[in-house]
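Asks:
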Amino acid sequence: MDVTSVDAVLMCADPSAWRPGDSWLAGGTVTFSYGTDITRGAPTRLLDITGAGWTPLTWHPHADAPDAFPDLEIAATCRIADLRALADEAAPGGVARADLPGLDLIPPACDAFVASWKIWNVSTVGGNVATALPAGPMISLLSSWDATVLILGRDGSARCVPVAELVVGPARTGLGDGDLIRSFHVSGSVLAQMPAFRRISLTERGRSAALLIGRRTSPTTVRLTVTASTFHPIVLDLAADPAVGQIPADGSAWRDAIDTTVELTRGWYDDIHGEPAWRRLMTHRLGEEILAELLPDHATGIHDAIGRVTGDLRIERTAS
Ligand SMILES: Cc1cc2nc3c(=O)[nH]c(=O)nc-3n(C[C@H](O)[C@H](O)[C@H](O)COP(=O)(O)OP(=O)(O)OC[C@H]3O[C@@H](n4cnc5c(N)ncnc54)[C@H](O)[C@@H]3O)c2cc1C
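The sequence shown begins at 314 in my numbering and counts up one residue at a time.
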């Protein structure tokens, strides 16, 4: 679709060149679908960052701790197709791919786009986060990884914030005028932790109505990230032997905790892709399944969920 408000398109990834009325342009799959910038309004100039030359994916080994798992840096301009390919590549030097099960989240997260490989080949990870749709699967993935985002400001500043905190609502983020997402940073230790993935939609391969990702943070604890059914990511910690402030790893306690948290924020998300009451029940169900999958010997009140798989996307594991 034409963006009829635009007077000029520049190749530029320099925030100091940003003027009122500008919008960053990456893959353009949102901007040219809607014919406008849904986060800022009709742009007069588009600053195209795809020529910045940023390396899509970089592994950073720890020089001072050679046994530690390397951290992963994802450039904002990394295409969905580049990220999807990473899941099938060999792990970085000296690390067995099986030691990084967190990378197994990438295929179902990419499949959660209502989009074909044609869109995967142009749309970017940064564009997905900056658009901040509740059904933004890169927001789900990065939030579940505790990823931080590096943001460059117009005044030459640089700041890092958790992705789960940057996204505050549909098409709303903590990005200020001219702020440019440069990259995302994921700790290797997180990628070494066992994950679980559940997603449901009203139609198979439709827009996500609830997307939950769990990560076993210790033998008896799980971090659970809820997206798509809520206005913004919600991250909860559950423990089989809870300390003060932790949520018991129990089906009933989980349902109460997410209900309370959602009520304290903006409620359950409501649009054509699912009614709030249904999204709530699906969120409960998918969360129970993740607890059962990650803590089968420790979680309580989830007996019915053991071995149960609801929804159309999950991590596919082969015997190898
Ligand atoms: C058929 C189809 C299906 C889709 N399905 C989904 C879906 O299921 N879920 C979903 O979330 N989206 C979906 N999308 C929307 C879109 O493809 C993705 O959100 C995509 O990841 C956006 O990336 P982009 O690079 O194309 O963004 P662009 O269109 O280039 O930009 C989108 C917004 O992000 C801003 N932006 C881009 N990069 C940066 C940056 N580095 N720093 C600051 N701001 C930036 C732009 O200024 C603009 O406001 C779909 C699109 C199509 C066409």
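The beta carbon of each residue, even a glycine, is placed where N, CA and C say it ideally should be.
Please tell me whether ARG536 and ASP550 are closer than 7 Å, where the distance is taken between their beta carbons.
Replies: Locating residue 536 in the sequence shown gives position 223, where the first residue counts as 1. Locating residue 550 in the sequence shown gives position 237, where the first residue counts as 1. A Cβ-Cβ contact shorter than 7 Å links ARG536 with ASP550.
Asks: What span of residues does the alpha helix (DSSP H) with PRO603 cover, start to end?
Replies: Indexing the sequence shown from 1 puts residue 603 at position 290. First, the amino acid is wrong: residue 603 is Ile here, not Pro. It spans 589 to 607 - the alpha helix (DSSP H) in which ILE603 sits, taken as one unbroken run.
Asks: What are the uninterrupted segments assigned as alpha helix (DSSP H) that are 4 or more residues long and contained completely in the region 403 to 476, given in chain order?
Replies: 419 to 424, 430 to 433, 438 to 444, 450 to 457
Asks: Can you name, in chain order, every residue of its own chain whose Cβ lies under 6 Å from the Cβ of GLY340, other than the five neighbours on each side?
Replies: Taking the sequence shown and counting its residues from 1, one reaches residue 340 at position 27. Around GLY340: VAL435, SER436, THR437, GLY440.
Asks: If contacts are defined as beta-carbon pairs under 8 Å, then ARG392 and PRO369 qualify, I think. What distance do you get, rounded to the angstrom?
Replies: For this step, residue 392 is matched to residue 79 along the sequence shown. For this step, residue 369 is matched to residue 56 along the sequence shown. Indeed, because the Cβ distance is near 7 Å, the residues count as touching under 8 Å.
Asks: Taking the alpha-carbon positions, what's the LEU599 to ARG512 distance?
Replies: As a working mapping, residue 599 is identified with position 286 in the sequence shown. As a working mapping, residue 512 is identified with position 199 in the sequence shown. If I take the Cα positions, the gap works out to 8 Å.
Asks: If we ignore side chains and look at the alpha-carbon of each, how far apart do SER633 and ALA411 end up?
Replies: Numbered from its first residue, the sequence shown carries residue 633 at position 320. Numbered from its first residue, the sequence shown carries residue 411 at position 98. Because SER633 carries a pLDDT of 45, less than 50, the predicted location of this residue cannot be relied on, and no value is offered for it.
Asks: If I follow the unbroken alpha helix (DSSP H) through GLY564, where does it start and stop?
Replies: Residue numbering aside, residue 564 sits at position 251 when the sequence shown is read from its first letter. Here the alpha helix (DSSP H) through GLY564 covers 564 to 577.
Asks: I'd like to confirm something about ASN441: is its beta-carbon nearer than 6 Å to some heavy atom of ligand 1, or not?
Replies: Here the question's residue 441 lines up with position 128 in the sequence shown. Checking every heavy atom of ligand 1 against the Cβ of ASN441, one is found closer than 6 Å.
Asks: Given that a residue counts as buried once 16 or more other Cβ atoms are within 10 Å of its Cβ, and exposed if not, what is HIS373?
Replies: Walking along the sequence shown from the start, residue 373 turns up at place 60. Exposed, by the Cβ-count rule.
Asks: Quick one: residues in its chain with C-beta nearer than 7 Å to the C-beta of PRO414, no 5 flanking neighbours on either side, listed in chain order?
Replies: Taking the sequence shown and counting its residues from 1, the one referred to as residue 414 is at position 101. The residues are MET507, PRO508.
Asks: From GLY624 to VAL539, what distance separates their C-alpha atoms?
Replies: In the sequence shown, counting from the first residue as 1, residue 624 sits at position 311. In the sequence shown, counting from the first residue as 1, residue 539 sits at position 226. Straight-line Cα distance between these residues: approximately 15 Å.
Asks: Just mark GLU402 as buried or exposed, buried being the case when its beta carbon has 16 or more other beta carbons within 10 Å.
Replies: In the sequence shown, residue 402 corresponds to position 89, counting from 1. Per the 10 Å Cβ criterion, exposed.
Asks: Please find out if some non-hydrogen atom of ligand 1 comes closer than 6 Å to the beta-carbon of TRP337.
Replies: The count along the sequence shown starts at 1 and reaches residue 337 at position 24. It does: the Cβ of TRP337 is within 6 Å (strictly closer) of some heavy atom of ligand 1.
Asks: According to the Cβ coordinates, are GLY469 and PHE382 closer than 7 Å?
Replies: Position 156 of the sequence shown, counted from the start, is the residue given in the question as residue 469. Position 69 of the sequence shown, counted from the start, is the residue given in the question as residue 382. Taking 7 Å as the Cβ cut-off, GLY469 and PHE382 do not qualify as a contacting pair.
Asks: Where do the ends of the beta strand (DSSP E) carrying SER531 lie?
Replies: Within the sequence shown, the letter at position 218 stands for residue 531. Annotation: the continuous beta strand (DSSP E) that includes SER531 extends over 521 to 531.
Asks: Looking at the C-beta of ALA445, does it have a partner C-beta in chain B at a distance below 7 Å?
Replies: Among the protein chains of the structure shown there is no chain B, as only one such chain exists.
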